[in-house]
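Engineer: One structure coming up, written as structure tokens, with questions to follow.
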Amino acid sequence: MPISGAKFAALMARDIGRAGYAIISGLARGIDTAAHRASLDTGTIAAMAGGLDKPYPPENIELLREIWDGRGLAISEMPFGWEARARDFPRRNRLIAGVSLGVVVVEAAARSGSLITARLAGDFGRLVFAVPGSPLDPRCEGTNGLLKDGATVTTRPEDVLQALAPLSQIDLLSGHEAEEPAGDGQHQPTPPPSDDERVRITDALGPTPVEIDDIVRHTGLAPAAVYLVLLELDIAGRLHRHPGGLVSIAMMD
């Protein structure tokens with residue numbers, strides 16, 4: 254990752270944090286690390302692919318401790334002791350998109366996991382921002398693609414703050430309190446899809462775009478399992494997404 258990308262991420266995180274917003278990122282190397290460090294004093298949230306006691310990459314364990322000791326926290330859908338695997342990172346990306354008001358993509362190659370986060374954010378009705386880059390730089394191919402798809406051009410923190418201003422006027426704490434679900438009070442994380450489930454979902458896909466709900470009905474599997482497998486296929490470059498939320502398999506040459 255070039256120094257310019259890390260510096261810009263730090264600038265964005267620092268100024269947006271000073272405006273009163275928490276900075277959420279994935280504790281990864283590069284952009285994530287720069288964003289977390291720049292917002293330690295204002296509040297930052299680390300979304301993790303593994304358990305809270307199993308940070309990845311391991312070199313960021315000290316950064317995680319600084320987040321815990323300061324004005325920050327870590328979140329994960331996985332239990333303690335869970336080592337992050339490749340298939341767990343789409344789950345982390347979904348978590349980032351879900352708890353955010355908006356997602357800023359500073360740099361992203363064509364197959365970057367950040368693009369998954371951005372797509373999910375759009376599906377969830379969140380704001381999506383992207384920093385333009387040189388068409389000759391493959392590290393900017395993904396961000397430039399987001400801009401073509403309608404993401405907000407972002408060249409300074411004010412671009413984000415102005416877009417977030419109307420959302421910050423909404424009283425997010427108003428309304429009825431949610432009732433606690435019945436049970437023993439212990440949350441059980443959704444188990445990852447089995448290999449058999451992955452095969453069933455992949456076999457249900459073809460070159461013709463279909464609705465995700467149709468895949469759920471056809472396979473009889475839980476929607477969470479279907480969404481996770483689709484995310485894995487998306488990251489692997491094996492899934493095409495179409496207008497209206499339709500998906501199709503990417504046919505291999």
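Residue numbers (my numbering): 254 to 506. Just so it is clear, CB atoms sit at the ideal spot from N, CA and C, and this is done for glycine as well. From a predicted model like this one, the values you see are computed outputs, not experimental measurements.
1) What's the C-alpha gap between Leu-483 and Val-352?
2) In three-state DSSP terms, what is Ser-329?
3) Which residue comes first and which comes last in the alpha helix (DSSP H) that contains Phe-382?
4) Rounded to a whole number of angstroms, what is the C-alpha to C-alpha distance between Ala-300 and Val-359?
5) Spatial neighbours of Gly-334 within its chain, please: C-beta separation below 8 angstroms, excluding the five flanking residues on both sides.
6) Kindly indicate which three-state DSSP category Met-265 falls into: helix, strand or coil?
7) Based on Cα-Cα distance, which residue from Thr-286, Ser-292, Gly-258, Arg-282 lies nearest to Ala-272?
8) From Leu-400 to Met-265, what distance separates their C-alpha atoms?
9) Please report the distance separating the alpha-carbon of Ile-488 from that of Pro-343.
10) When DSSP builds the beta bridges, which residues end up paired with Leu-499?
11) At what residues does the alpha helix (DSSP H) containing Thr-200 begin and finish?
12) Note down, one range per segment and in chain order, each alpha helix (DSSP H) of at least 4 residues found wholly within the segment 353-392.
13) Roughly how many angstroms separate the alpha carbons of Gly-258 and Thr-472, rounded to a whole number?
14) Between which residues of its own chain and Val-381 is the CB-CB distance below 6 angstroms, once the five residues before and five after are set aside?
15) So, with DSSP's three-state summary, where would you put Ser-278?
16) Under the assumption that Ile-465 contacts Val-479 (Cβ atoms under 8 angstroms), give the Cβ distance between them as a whole number of angstroms.
17) Tell me Thr-405's beta-bridge partners as DSSP assigns them.
18) Alpha carbon to alpha carbon, how far is Pro-460 from His-495? Give it in angstroms, no decimals.
19) Under DSSP, the beta strand (DSSP E) around Ala-299 begins and ends at which residues?
20) So, is Leu-280 buried or exposed, given that buried needs 16 or more other C-beta atoms within 10 angstroms?
21) Taking the alpha-carbon of Met-331 as reference, which of Ala-302, Arg-340, Arg-347 has the nearest alpha-carbon?
22) Classify Leu-420 as buried or exposed, calling it buried when 16 or more other Cβ atoms lie within 10 Å of its own Cβ.
23) Tell me whether the beta-carbon of Gly-296 lies closer than 8 angstroms to the beta-carbon of Ala-275.
24) Just curious, the alpha helix (DSSP H) that Ala-489 is in, first and last residue?
25) Quickly, what does DSSP pair Val-463 with across the bridge? List them, please.
26) If we count the other Cβ atoms within 10 Å of its Cβ and call it buried at 16 or more, is Leu-481 buried or exposed?
27) Would Ile-269 and Leu-414 qualify as a contact pair, given that the criterion is a beta-carbon distance under 8 angstroms?
Structural biologist: To lay it out plainly:
1) 20 angstroms
2) strand
3) Unbroken run through Phe-382 is the beta strand (DSSP E), 380-383; no alpha helix (DSSP H).
4) 18 angstroms
5) Gly-304, Asp-306, Lys-307
6) helix
7) Ser-292
8) 18 angstroms
9) 8 angstroms
10) His-495
11) An answer regarding residue 200 cannot be provided, because it is not within the stretch 254 to 506 covered by the chain.
12) 366-376
13) 42 angstroms
14) Val-356, Ala-371, Ala-374, Gly-375, Ala-404
15) strand
16) 6 angstroms
17) Phe-382
18) 11 angstroms
19) 297-301
20) buried
21) Ala-302
22) exposed
23) yes
24) Ala-489 -> no alpha helix (DSSP H), and no H or E assigned at all.
25) Val-500
26) buried
27) yes
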